[in-house]
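Reviewing the structure listed below.
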Amino acid sequence: MHLDHTHDGPAAVSADAHRIDGTRRALRIGLGGPVGSGKTATVAALCRALRDELSLAVVTNDIYTREDAEFLLREAVLPPERIAAVETGACPHTAIRDDISANLEAVEDLEDEVGPLDLILVESGGDNLTATFSKGLVDAQIFVIDVAGGDDIPRKGGPGVTTADLLVVNKTDLAPYVGSDLGRMAADAKAQRAELPVVFQSLRTEAGVADVAAWVRAQLSAWAA
Amino acid sequence: MSRGALLVLADGRFPAGGHAHSGGAEAAVKAGRVTGAASLGDFCRGRLHTAGLVSATLAAAAVLGVDPVELDAAADARTPSPALRVAARKLGRQLMRAARATWPSAELDALAREFPKGAHQPVVLGLVARAAGLGAEDAAYCAAYESVSGPASATVRLLSLDPFDATAVLARLAPELDLVADRAVEAGRRVVDEGVDALPCASAPLLEIGAEAHAAWAVRLFAS
């Protein structure tokens, strides 16, 4: 019995940057955040924005249904074989952080079946402010909150808000109707996150997901470099 | 054997995918067969002496050096429900991944090559136990305990059952766990001498039927 890592078998372990055949695997980006903040809508918009320039696929982690996967299928943002649903036993945070084996299987199967892929988006089911992705599963993560969930969320912090590689404050078009102060949210986010980037977006405006898509492209350039 | 390694492998937090499965408890709760601690105890006892005994024997036989390919085919034959076969292979693949990272071994690499989409979980468990320096009895205990700990923790979520009551159910089953582990090791030794037909084929028809119904639900908390 020995405890050294050997990676010469049929399946790579966790975060290895290369597949068994020596090729570089796809960049994996996680999207997490509270229920209803617009994660699936953001994933759908990203697919529409990027599908003509990149080979991409999506893994969803629903809480108790296949709703998110089925939404993406219904919206036809990608061909069905590029969308995989992982069942989480009612605990998406376990499946994306503490026990990532089912998600790793899903991303590897996607690369085997529809690859080569440039990018895999791994979406978590809506969860609480402490739900973050394991570094063994994703290379970077986006945390999505929205203005209607309360403008004090950036101030409250928590691992998602403070440590995600990108914080997205969604549904800015609703701010006047729910009394959320975008300036205050931006200042609180800055205080929590120092230099880490924050994007304010409304998918109902023309700019839509453009800023997030640009961030994803930058991550991909860095990954491919 | 290392008692420390046994605790690592038997820990419910060992990251091998078990948290997403209820071991048939979700179907039993929906059908009204599990409604509280007492019926959970009955359910677990039934599962322990049927699916649990078969799993524990498969795991023990794998530790004792019986060909895992033959054991896997025998596990298929003892699992009528296609949904349960899929679940067992998924969990086997996930356990394989976790174990190859924690206890790397040439034997595990070879099994992973043979079954890229996963072998039955108890068979993988046996080889994992070997890689961790554990014996047949240890593997049998892990399989037998998993056969009841999964449904118990799932029922806490499904029924909002008092977690102390659920754990007490498991504690009360401890003497029967000892019994099943002993029987599994004994049967595993017979498999070494007589071949895989000596494996027990204790079946729980309601688990098999429930798994098929459960797999078709549109809304469910657990994968199986």
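Order-wise, the sequence lines are chains P and U.
With the working numbering as the guide, the letters of the first sequence map in order to residues 2 to 226.
With the working numbering as the guide, the letters of the second sequence map in order to residues -2 to 221.
Even for Gly, the Cβ is constructed at its ideal location relative to N, Cα and C.
(message) Just to confirm before moving on: does the CB-CB distance between Arg20 of chain P and Glu106 of chain P stay below 8 Å?
(response) no
(message) Count Cβ pairs between the stretch 53 to 67 of chain P and the stretch 122 to 134 of chain P that sit closer than 8 Å; are there 3 or more?
(response) yes
(request) Give the interface partners of Ala126 of chain U over in chain P, defined as CB-CB distance under 7 Å, in chain order. (result) Ordered by position in chain P, no residue passes the 7 Å Cβ test against Ala126 of chain U, which lies about 11 Å from the chain.
(request) Tell me Ala58 of chain P's beta-bridge partners as DSSP assigns them. (result) P:Ile121
(request) Anything in chain P within Cβ reach of Pro12 of chain U, meaning under 8 Å, just list it in chain order. (result) Asp99, Asp100, Ile101, Ser102
(message) Helix, strand or coil, according to DSSP, for Glu3 of chain U in the structure here?
(response) The sequence shown places Leu at residue 3 of chain U, rather than the Glu named in the question. It is helical.
(message) Any C-beta of chain P within less than 7 Å: which residues of the stretch 73 to 98 of chain U qualify?
(response) Flagged, chain order: Arg90, Gln91, Arg94, Ala95, Arg97, Ala98.
(message) Just to check my reading of the structure: Ser56 of chain P and Asp119 of chain P have Cβ atoms closer than 8 Å, yes? What is that Cβ distance to the nearest angstrom?
(response) About 5 Å separates the beta carbon of Ser56 of chain P from that of Asp119 of chain P, a gap short enough to meet the 8 Å contact definition.
(message) Less than 8 Å between the C-beta atoms of Val169 of chain P and Val145 of chain P, yes or no?
(response) yes
(message) Please report the distance separating the alpha-carbon of Glu114 of chain P from that of Gly23 of chain P.
(response) 17 Å
(message) For Ala53 of chain U, which residues in the same chain have their Cβ closer than 7 Å to its Cβ, ignoring the five residues on either side in sequence?
(response) Ala137, Ala140, Ala141, Val177, Ala178, Ala181.
(request) Give me the Cβ distance between Val125 of chain U and Leu6 of chain U, rounded to the nearest whole Å; I'm assuming they're in contact under 8 Å. (result) 7 Å
(message) Considering just the uninterrupted stretch of the beta strand (DSSP E) at Gln142 of chain P, what are its terminal residues?
(response) 141 to 147
(message) I want to verify the contact list: residues of chain B whose CB lies under 7 Å from the CB of Leu218 of chain U, in sequence order.
(response) Absent from the structure is chain B; the protein chains it does hold are P and U.
(request) Give the DSSP bridge partners of Arg29 of chain P, in chain order. (result) P:Ile121
(message) Using C-beta distances below 7 Å, list every residue in its chain close to Leu170 of chain U, excluding the 5 sequence neighbours before and after it, in chain order.
(response) Cys41, Arg42, Leu45, Val145
(message) If we define contact as Cβ-Cβ less than 8 Å, is Ala17 of chain U a contact residue for chain P?
(response) yes
(request) Using a Cβ-Cβ cut-off of 8 Å, state whether Ala208 of chain U counts as contacting chain P. (result) no
(request) Tell me whether Ala219 of chain P is buried or exposed, calling it buried when 16 or more other Cβ atoms sit within 10 Å of its Cβ. (result) exposed
(request) Measure the C-alpha to C-alpha separation of Leu4 of chain P and Glu104 of chain U and round it to an integer number of angstroms. (result) Low per-residue confidence applies at Leu4 of chain P: pLDDT is 49, beneath 50, and the placement is therefore not dependable, though the value from the model is reported in the following sentence. Near 14 Å, if we compare the C-alpha coordinates of Glu104 of chain U and Leu4 of chain P.
(message) Distance check for Gly185 of chain U and Thr131 of chain P, CA to CA, integer angstroms please.
(response) 45 Å
(message) In chain order, what are the residue ranges of uninterrupted beta strand (DSSP E) at least 3 long that sit wholly in the stretch 70 to 121 of chain U?
(response) none
(request) Could you have a look at Ile206 of chain U and say whether DSSP puts it in helix, strand or coil? (result) helix
(request) Identify the continuous beta strand (DSSP E) that holds Leu167 of chain P and give its terminal residues. (result) 167 to 171
(message) Leu28 of chain P and Val44 of chain P - do their beta-carbons sit closer together than 8 Å?
(response) no
(message) Can you list, in chain order, the residues of its chain with a C-beta nearer than 6 Å to that of Asp69 of chain U? Leave out the 5 residues immediately preceding and following it.
(response) Ala116, His117, Val120
(request) Look up Ile21 of chain P in the DSSP assignment and say whether it is helix, strand or coil. (result) coil
(request) Please confirm whether Leu175 of chain P and Ala149 of chain P have their CB atoms less than 8 Å apart. (result) In this structure, Ala149 of chain P lies closer than 8 Å to Leu175 of chain P by Cβ.
(request) Identify, in the order they occur along the chain, each residue of the same chain with its Cβ nearer than 8 Å to the Cβ of Leu81 of chain U, setting aside the five sequence neighbours on each side. (result) Leu204, Glu205, Ala208, Ser221
(request) Output the distance between the C-alpha atoms of Pro77 of chain U and Leu47 of chain P, rounded to the nearest integer angstrom. (result) 43 Å
(request) Just the C-alpha distance for Ala22 of chain U and Leu50 of chain U, rounded to the nearest angstrom, thanks. (result) 18 Å
(request) Assign Leu4 of chain U to one of two classes, buried (16 or more other C-beta atoms within 10 Å of its C-beta) or exposed (fewer than that). (result) exposed
(message) Bridge partners for Glu88 of chain P per DSSP, in chain order?
(response) P:Asp63
(request) Confirm, please, whether the CB-CB distance from Arg30 of chain U to Val200 of chain U is below 8 Å. (result) The sequence shown places Ser at residue 200 of chain U, not Val. Not a contact, by the Cβ cut-off of 8 Å.
(message) Would Gly248 of chain P and Thr133 of chain P qualify as a contact pair, given that the criterion is a beta-carbon distance under 8 Å?
(response) As shown, chain P starts at 2 and ends at 226. That puts residue 248 of chain P outside it, with no answer to give.
(message) Assuming contact is defined by CB atoms lying nearer than 8 Å, are Pro148 of chain U and Gly9 of chain U in contact in what I supplied?
(response) no
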